[in-house]
Amino acid sequence: AQTVTQSQPEMSVQEAETVTLSCTYDTSESDYYLFWYKQPPSRQMILVIRQEAYKQQNATENRFSVNFQKAAKSFSLKISDSQLGDAAMYFCAYKLWGAQKLVFGQGTRLTINP
Amino acid sequence: GAVVSQHPSWVICKSGTSVKIECRSLDFQATTMFWYRQFPKQSLMLMATSNEGSKATYEQGVEKDKFLINHASLTLSTLTVTSAHPEDSSFYICSARGGRAYGYTFGSGTRLTVV
């Protein structure tokens, strides 16, 4: 079974600085999708960024970018110019191509210090 | 964009009663719905997956007779917690998938407190 591991339960960063959240996953498959979701205090799950495993280019969405290392099964999220509104729980997730369900990691709580 | 409306946002019920949570896709057809349970400071735990018109597929360890899921239309899925007990108190989240192959849209969640 596929598993997703987020080894950092909590992270903190100064406002305007850069922070990287780690995620590793375990799979024997070659075609899959990876996601980062944000869950702010409102608890609404928000998609931050996604990556298709067949794409070598790292996905980028404004201040959010990923470092996708397929061989190492690593999928880290970099947040540049951190803002107070970035404070949230961040979940890494995996979806096998053709499957329906997402497999979530344990989450990382990110605190932004003003 | 895709929107999923989940109601109620919070509910308090007495032990032994049943409570229903609704999840509606407002602007797309949700071919698949997912129901999650989330304990404080923990990740989302998938309870079941339902496809429109079919019986839900429950994850191991989830009591199907206690957590009744109905997905009778492409825009509505319901989760009924039957004979609720305090240990059922939790945050329940639905997610709908339709249209784009990788698109998942989440509801805003329901906080259930059983007293």
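Protein chains in written order, with this note's numbering: chain V, 105 to 218; chain R, 3 to 117.
Where a beta carbon is used, it is the ideal one built from N, C-alpha and C, also for glycine.
CB of residue i within 8 Å of CB of residue j, strictly
i: K142/V; j: Y198/V; result: no
i: V21/R; j: V64/R; result: no
i: E119/V; j: L181/V; result: no
i: M35/R; j: H9/R; result: no
i: V116/R; j: S7/R; result: no
i: L138/V; j: F168/V; result: no
i: G211/V; j: V108/V; result: no
i: G105/R; j: I95/R; result: no
i: F93/R; j: Q31/R; result: no
i: T112/R; j: S11/R; result: yes
i: D237/V; j: I216/V; result: Shown here, chain V extends from 105 to 218; a query on residue 237/V therefore has no answer.
i: S186/V; j: E121/V; result: yes
i: K205/V; j: L48/R; result: yes
Start-to-end residues for the beta strand (DSSP E) that takes in residue i
i: D130/V; result: T128 to D130
i: A192/V; result: A192 to L200
i: V13/R; result: W12 to C15
i: R99/R; result: S92 to R99
i: T33/R; result: Here T33/R belongs to no beta strand (DSSP E), and DSSP marks it neither H nor E.
i: V45/V; result: Residue 45/V falls outside the range modelled here, since chain V spans only 105 to 218, and no answer is possible.
i: V116/R; result: T112 to V116
Within chain V, partners of residue i - CB distance below 7 Å
i: T51/R; result: Q204 and K205
i: S45/R; result: F195, F208, G209, Q210 and G211
According to DSSP, residues forming a beta bridge with residue i
i: S79/R; result: C25/R
i: T19/R; result: Answer is none; T19/R lacks a bridge partner.
i: Y141/V; result: L151/V and F195/V
Proximal chain R residues relative to residue i, where beta-carbon distance stays under 9 Å
i: R147/V; result: Q40, F93, I95, S110, G111 and R113
Amino acids of chain V, ordered along the chain, whose beta-carbon sits closer than 9 Å to that of residue i
i: L48/R; result: K205, L206, V207 and F208
Residues in the segment 53-79 of chain R with C-beta within 8 Å of chain V's C-beta atoms, listed in sequence order?
Correct list: empty, as no residue qualifies.
Give me the subset of the segment 26-37 of chain R whose CB atoms are less than 8 Å from a CB atom of chain V, sorted by chain position.
T34 and F36
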